[in-house]
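Residue numbers (my numbering), protein chains in the order written: chain C, 1 to 288; chain L, 1 to 358; chain X, 1 to 240; chain A, 1 to 236.
Below you'll find the structure, written out as structure tokens, and then a few comments.
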Amino acid sequence: MNWIQAAISGVLLGGLYALYATGLSLSFGVMRLINLAHGDLAVMAAFLSSTLVLSFGGSPFWTILVLMPVGFGVGVLLQKVVFDRLVGVDPAFQIVATFGLSIVIQNALLKVYTADRRALDIGPLKTKAFKIAEVSIGLFPLLRFVVAVLVLVSLSLFLGRTSTGRAFRATSDDPEAARLMGINSRAIYMIASGIAVSTVFLAGIFSGAQTNFASSDGPGLLIFAFEAVIIGGLGSLWGTLAGGIALGLAQTLGAEQFTDWPAQLFGHVLFLIVLAVRPNGLFGRAEA
Amino acid sequence: MSSTAAPAHVVRATTTTRILGVLAVLVVAWMAFLAAGDNPATQTKIVELCVFVVVASMWNLLAGYTGLVSIGQQAFIGLGAYALIVFGNGYGQDVYFSILPAALIALVASIPIALLAFRLRGAYFAIGMWVIAEVVRLLVKQYKAAPIKGGSGTSLVVPTNLYPKAERFQTTALIALGLAVLAVTVIALLLRSRIGLSLQAVRDNEHGASGLGVNVYRERFIVFVIAAFFTGAAGAVWYVLKIRIQPDTAFGVSDWTAPIVVMVVLGGIGTIEGPIIGAALWYLVRDYVTSTGSAIQLSDEWYLILTGLLAMVVALFFQRGLWGALSGRFPSLQVFPIRRRLVVGDEVGDHRDRKRAT
Amino acid sequence: MSTVIEVDGVTKRFGALLVIDELSFSLERGEALGVVGPNGAGKTTTLNMIAGDFSPTTGTIRFDGHDVTALPAHRRCRMGIGRTSQVPRPFEGLTVFENVLVGASFGGAHRGHGARDVAVDALRRTGMLARANVRAGELTLLERKRLELSRALSTDPEVLLLDEIAGGLTDGEVMDLIETIKGIHAAGVSIIWIEHIVHALLKVVDRMLAMDYGRKLIEGDPHGVMASDEVKNVYLGTEA
Amino acid sequence: MALLEIDAVDAFYGDFQALFGLTLAVDEGHAVAVIGANGAGKSTLLKAVAGSVPTRSGCVRFDGTNLADVLSHRRVAAGISLVPEGRRIFNSLSVEENLRVGAFCERPGPWTLPKVYENFPMLERLAKRSAAKLSGGEQQALAIGRALMNNPRLLLLDEVSLGLAPAIVKSLYAVLPNIRQEGTTVLIVEQDVNQALAASDMAYCLLEGKVSLSGRASELSRAAISAAYFGSEVHT
């Protein structure tokens with residue numbers, strides 16, 4: 001039974017990882033840009049949420065409604081000020097610039113919030129669970145998973161069914177040909193960054209409600225997001241979800257078997273195995 | 001082959017390189033004098049500066065000459081350092097003689113790491129290396145028995161019970177300086193050699209290089225392994241001085257790769273001189289702004305925020321870095337004579353020859 | 001004469017797109033072969049497959065009788081296949097001499113003074129010696145094309161693959177280049193030359209191959225091929 | 001007044017000068033062919049009009065407006081559509097999605113999805129299929145249909161016949177009268193000279209970045225074209 005229990009937690013955790021990874025996958029897909037500050041933005045969102053709750057009271061959930069639009073704005077701003085200058089540039093400079101951004105965000109958070117760990121209090125929801133047979137399923141992890149799937153569904157509807165979504169995919173395929181259709185690629189890039197940051201804000205708040213967080217957590221989250229993207233294979237949102245779930249499963253099942261080892265190690269090991277065996281990811285296209 | 005009219009020869013050193021070379025030797029001699037002195041604070045600074053010169057130069061050799069941008073070089077720092085701990089604390093070996101084998105351990109480890117990480121390109125290689133460094137960190141943390149003692153870390157016992165403190169600082173500073181000189185010399189010689197020629201070709205146009213017979217994978221592999229060796233040695237030297245080691249800092253990305261990247265980009269990526277200048281500048285500025293009693297005393301947080309902003313500004317607007325900008329303006333400016341100037345009688349620069357040949 | 005390059009039943013697909021369709025031809029030792037055909041006929045793809053940038057989907061490529069179909073580009077270069085590419089991309093951070101030295105040291109596997117002398121010789125043959133110490137990033141288009149040629153020569157090629165080396169040059173420049181290539185050919189190097197500037201080709205090549213839709217259209221005497229109905233139809237369309 | 005005026009334009013790809021003081025004009029409602037060998041500068045000309053290659057000197061005017069400072073995606077909104085060389089289909093989109101992307105600017109006009117399908121019936125059958133899986137001819141039809149969805153005033157066709165079998169080329173060109181009937185001006189760049197001349201009113205032949213011959217399409221002799229096309233040195 002413990003195995004089933006661990007597997008279910010793994011799948012539910014995978015939803016969170018997919019949420020982290022979505023923005024990363026989107027910016028890479030559309031602009032071939034990797035933002036190394038991606039994880040720090042999630043941590044920033046958790047801190048902002050805690051500030052809002054401390055100032056205005058209530059549950060962290062309402063802050064999502066405020067912070068997701070704020071995240072969109074942050075993404076657009078970052079795109080205009082930083083990322084636009086990095087599209088098509090030597091990866092070394094993309095890495096240095098976004099690495100610098102990561103250092104700035106981490107230390108700004110440290111300055112404002114000190115090194116103490118914080119948590120977002122969601123009250124009794126955090127511990128509520130229901131049982132099917134002998135397996136207990138946490139209500140909050142389930143909710144988190146459902147929200148992640150909803151985000152992915154709405155994103156894939158946006159990409160698949162709307163004019164802007166099609167422009168997105170067209171730009172990702174061939175930016176120059178997209179411009180020949182009248183699509184302003186810079187505007188598309190701004191929307192992509194806006195979505196990337198607002199989804200990672202959401203992920204940060206959900207993560208902060210489950211476990212406490214500190215200003216230095218960002219890089220660890222970035223690695224999870226990155227692993228989910230690579231394991232799932234580039235190029236599809238559902239691949240990212242699958243990658244997130246595979247990562248979550250590796251962590252919980254690994255920790256179940258080897259109880260005194262850190263769970264993230266098993267995720268890393270899965271990542272390295274995928275790299276050695278199927279470098280295009282479990283669900284990736286061959287030419288990716 | 002057609003006949004050769006005038007004998008051709010290749011000139012490497014110029015007046016500028018000779019003058020700057022003498023200056024460089026003088027700086028090293030001055031540092032050796034300080035290292036051999038009896039001021040532990042100065043000796044500590046020399047060790048720190050030299051270690052960062054080594055690691056930054058090696059990172060630049062990878063990123064600036066082969067396009068392998070890694071944010072996992074801390075893996076080799078930690079491997080070198082922990083190998084030293086194992087030789088010293090575990091097997092009771094003399095620490096100074098353990099530095100070389102520790103570096104070799106890093107070298108050996110780099111081979112399977114390269115085989116795996118070379119499957120990724122660009123930014124994916126960068127983060128993939130980071131994951132690999134994380135795996136090594138977690139494994140070391142997990143080894144809770146002596147001599148590694150897991151996540152809480154341990155201390156190097158041999159030097160403290162064998163050598164008096166003053167002697168240890170002196171020896172370590174001299175070793176660090178020697179390592180830095182060796183590392184930079186190896187890089188300069190490598191770049192002067194045919195491998196260096198191919199690396200610069202690969203950097204400019206990978207596809208074109210392989211079309212001229214360069215085995216790009218092999219060249220990259222060689223450089224990766226060399227970088228791992230020296231980075232491991234630097235990690236070992238660092239902890240001979242610092243004594244106390246913990247996996248989270250020895251394998252810490254913000255302790256190592258973050259400042260290194262800033263140093264290299266600030267100094268000028270893809271030049272030998274850039275990382276050295278970047279590292280020196282970093283130390284001077286950090287010393288000034290964080291030491292108590294200076295005019296602008298900054299907290300660690302503010303200091304790092306400014307560092308991050310500096311990295312962003314340089315990467316966005318000043319990609320050539322300080323040395324890159326200087327040598328762009330004054331092309332003859334180089335400390336290390338790696339360029340080749342061809343002299344063939346009076347044919348080079350003589351336009352009549354061009355007409356004759358066509 | 002013996003066959004030096006043999007393209008045998010080669011097909012290349014990129015995804016669903018058929019680019020080369022069962023193409024077979026050969027190059028004799030010491031021969032210069034011109035290749036013409038409209039854009040998209042698969043000429044550059046063919047050259048790239050001979051040079052080893054990628055492998056054909058099916059079929060075999062032989063060099064000096066050895067099957068080289070699966071060898072990477074750097075190995076083929078060392079065996080004696082030199083090439084120039086359509087858009088010259090020199091190593092811009094290196095000087096002209098250093099650019100050529102890469103070819104001499106790796107493709108030609110020369111060391112030290114040997115590499116230097118081969119590089120100097122290649123520069124002299126292409127008229128680039130005077131520019132030896134200039135950074136390649138500062139060259140004009142003609143000089144880049146000449147550098148492209150010198151680099152290929154420095155690898156001691158038995159076969160030289162030229163991809164639109166005359167494209168984009170003025171008439172006078174083209175004439176200069178023709179003389180250079182004639183010289184290389186006269187020294188015994190076998191040549192496959194893709195070119196749209198037909199009059200340049202006609203001055204050098206011994207034989208002409210016309211391609212269309214990834215297939216061989218016609219091959220034979222250069223003037224005969226260019227005057228043939230097949231080639232005229234491809235370029236100017238069938239007469240109504 | 002001419003809809004498109006190209007006045008003494010120089011254009012470069014890096015160091016490579018592709019157009020040398022090129023001058024030509026296209027009247028509204030006309031179909032104009034630009035022929036010439038590879039490397040003559042035909043595609044560069046179209047790219048300079050579409051805005052993907054900058055002009056270094058000279059002037060491109062569309063409907064009297066100088067396009068110098070108009071970004072390429074704005075030119076599309078103004079009614080200039082390019083069917084690019086090599087088709088540049090969006091491979092991860094379906095056929096229908098490619099067409100819908102073509103209508104991104106939502107310019108009003110006669111060209112709608114049903115009308116494109118009516119003119120290219122094979123596209124309707126393939127509507128839901130991934131565009132990457134189409135044959136060359138189908139992709140070319142899609143590229144033209146996609147450009148028409150913008151309801152352009154000026155349609156630029158770059159090497160429509162490239163790599164296609166003659167029968168397919170013929171079927172693609174058969175749509176041209178329908179396009180012109182809606183008042184669209186067409187500028188055709190082609191290697192297939194006869195096809196291009198048959199479809200157009202005026203023709204310009206380019207040689208090495210300059211106009212080597214121009215005139216009414218029906219009045220140009222094959223000998224004159226042959227000389228202007230290859231340069232004078234080929235004995236044919």
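All C-beta atoms in this analysis are idealised placements derived from N, C-alpha and C, irrespective of residue type, glycine included.
Here the structure is a predicted model, which is why all the values come from computation and not from measurement.
Just the C-alpha distance for V95/A and K12/X, rounded to the nearest angstrom, thanks. Using only the alpha carbons, I get a separation of about 25 Å.
Going along chain C in order, which residues have a C-beta closer than 8 Å to the C-beta of A311/L? Residues of chain C passing the Cβ test: V96, A97, F99, G100, I103.
Measure the C-alpha to C-alpha separation of V234/X and L199/L and round it to an integer number of angstroms. Each residue's Cα considered, the two are about 44 Å apart.
Beta-carbon contacts of G23/C that lie in its chain and below 6 Å, excluding the five residues immediately before and after: These residues qualify, in order along the chain: A196, T199, V200.
What residues in the segment 85-106 of chain A bring their beta carbon closer than 7 Å to a beta carbon of chain C? Taking 7 Å as the Cβ-Cβ cut-off against chain C, the residues of the segment 85-106 of chain A that qualify are R88, F90, N91, S92, L93, E97, R100, V101, G102, F104, C105.
Report the neighbours of E219/A on chain E: residues whose CB is nearer than 9 Å to its CB, in chain order. Chain labels in this structure do not include chain E; the protein chains are C, L, X and A.
Using DSSP with H/G/I as helix, E/B as strand and the rest coil, what is D94/L? Here D94/L carries a coil assignment [DSSP, helix/strand/coil].
Where does R278/C fall in DSSP's three states? Coil at R278/C, not helix or strand.
Starting from W323/L, follow the alpha helix (DSSP H) in both directions and report where the run begins and ends. In this chain, the alpha helix (DSSP H) harbouring W323/L covers 321-329.
Neighbour-count burial assignment, M31/C, 16 or more Cβ in a 10 Å radius: The residue is buried, with at least 16 neighbouring Cβ atoms inside 10 Å.
Beta-carbon neighbours of N150/A, restricted to chain C and to distances below 9 Å: Ordered by position in chain C, the residues that pass the 9 Å Cβ test against N150/A are M181, G182.
Measuring straight from C-alpha to C-alpha, what distance separates K182/X and G34/X? The C-alpha of K182/X lies about 13 Å from the C-alpha of G34/X.
Here's the rule I'm using: 16 or more other beta-carbon atoms within 10 Å means buried, otherwise exposed. How should K144/L be labelled? With fewer than 16 other Cβ atoms from the protein chains shown falling within 10 Å of its own Cβ, K144/L counts as exposed.
M31/L - DSSP class collapsed to helix/strand/coil: Of the three classes helix, strand and coil, the one that applies to M31/L here is helix, per DSSP.
Where L19/A falls, given that 16 or more other Cβ within 10 Å makes a residue buried: Label assigned to L19/A: buried.
Take every Cβ of the segment 319-330 of chain L, pair it with every Cβ of the segment 268-278 of chain L, and state whether three or more of those distances are shorter than 8 Å. The way I'd put it, the segment 319-330 of chain L does touch the segment 268-278 of chain L; three or more beta-carbon pairs between them come closer than 8 Å.
Report back the beta-carbon spacing between S26/X and G9/X to the nearest angstrom; my notes put them in contact at under 8 Å. Contact check for S26/X and G9/X: beta-carbon distance about 12 Å, past the 8 Å limit, so the pair fails to qualify.
Only counting runs of 4 or more residues, tell me where the alpha helix (DSSP H) segments fall wholly within the segment 131-195 of chain X, in order along the chain. You should have 141-154, 171-186.
Which residues in chain L have a C-beta closer than 8 Å to the C-beta of G214/X? List them in chain order. Within 8 Å Cβ-Cβ: nothing; G214/X doesn't reach chain L, min ~23 Å.
Beta strand (DSSP E) segment containing G215/A, residue limits: Start and end: 210-216.
Exposure of M58/L, with buried meaning 16 or more beta-carbon neighbours within 10 Å: Residue burial is scored here from C-beta neighbours: M58/L has at least 16 other C-beta atoms within 10 angstroms and is therefore classed as buried.
To the nearest angstrom, how far is it from the Cα of F225/C to the Cα of Y17/C? The sequence shown places Ala at residue 225/C, rather than the Phe named in the question. Spanning the alpha carbons of A225/C and Y17/C requires a straight line of approximately 6 Å.
Just the C-alpha distance for A42/C and M68/C, rounded to the nearest angstrom, thanks. About 11 Å.
Chain-ordered chain X contacts of S327/L [CB-CB under 8 Å]: When 8 Å is used as the limit between beta carbons, S327/L is near no residue of chain X, the shortest such separation being about 11 Å.
So R56/A is in the beta strand (DSSP E); what residue range does that whole segment cover? Counting along the chain, the beta strand (DSSP E) containing R56/A begins and ends at 55-62.
Based on DSSP bridge pairs, tell me the residues matched to K131/C. Partner(s): S136/C.
Please go through the same chain and pick out, in chain order, the residues whose beta-carbon is closer than 6 Å to the beta-carbon of A37/C, but skip the five residues on each side of it. Spatial neighbours of A37/C in its own chain (CB-CB distance under 6 Å, excluding positions within 5 residues in sequence) are listed in chain order as T98, L101, S102, I105.
Which residues mark the beginning and the end of the beta strand (DSSP E) in which M202/A is found? It spans 202-207 - the beta strand (DSSP E) in which M202/A sits, taken as one unbroken run.
Host beta strand (DSSP E) of T3/X (start-end): 3-14 is the span of the beta strand (DSSP E), which, as asked, contains T3/X.
Cα-Cα, which of M122/A, V169/A, E118/A, I179/A is closest to A147/A? The shortest C-alpha to C-alpha distance from A147/A to any of M122/A, V169/A, E118/A, I179/A is the one to I179/A.
Looking only at its chain, what residues have a beta carbon closer than 7 Å to the beta carbon of V181/L, apart from the 5 residues adjacent to it on each side? V28, listed in sequence order.
Distance, G21/L Cα to T14/L Cα: Their backbone Cα atoms lie some 10 Å apart in a straight line.
Between which two residues does the beta strand (DSSP E) holding A37/A run? Note, A37/A: premise wrong, no beta strand (DSSP E); not H, not E.
G9/X CB to nearest chain L CB: under 9 Å? Cβ-Cβ to chain L under 9 Å: no for G9/X.
Residue-level contact to chain A via CB, A192/C, 9 Å cutoff: So no, A192/C is outside the interface.
When we look at the beta-carbon of E239/X and count the other beta-carbons within 10 Å, is it buried (16 or more) or exposed? Because E239/X carries a pLDDT of 45, less than 50, the predicted location of this residue cannot be relied on, and no value is offered for it.
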